[in-house]
Amino acid sequence: MIRLLLALFGLALIALLGLASLWLLGQVLSGFGHFLVGMAAVLGGALRFALVAGVLGGLAYVLGGAWARPGR
Numbered sequence: 007m008i009r010l011l012l013a014l015f016g017l018a019l020i021a022l023l024g025l026a027s028l029w030l031l032g033q034v035l036s037g038f039g040h041f042l043v044g045m046a047a048v049l050g051g052a053l054r055f056a057l058v059a060g061v062l063g064g065l066a067y068v069l070g071g072a073w074a075r076p077g078r
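Take 7 as the starting number for the sequence shown in our numbering and just add one per residue.
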């Protein structure tokens with residue numbers, strides 16, 4: 007009888023360990039997903055800044071060239 011109880015306890019322990027490992031894997035993957043979403047937001051903001059800075063810089067270059075002296 008004690009062998010049966012020990013076997014059931016071992017089986018329950020293995021099942022609990024499997025569930026705990028699945029939960030931990032889910033937590034790790036969720037954290038990685040949050041990291042990727044945050045990184046995409048930061049890179050998207052940097053890309054938007056670079057585009058706006060490039061357009062405004064080009065506009066300043068064109069307008070500055072329009073008022074330059076003709077001899078230069």
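Even for Gly, the Cβ is constructed at its ideal location relative to N, Cα and C.
Rounded separation between residue i and residue j - CA only
| i | j | result |
| --- | --- | --- |
| Arg75 | Phe55 | 32 angstroms |
| Leu42 | Leu53 | 16 angstroms |
| Ser27 | Gln33 | 10 angstroms |
| Gly24 | Leu12 | 18 angstroms |
| Phe38 | Leu10 | 42 angstroms |
Run of the alpha helix (DSSP H) containing residue i, from where it starts to where it stops
| i | result |
| --- | --- |
| Ala66 | Ile8 to Ala72 |
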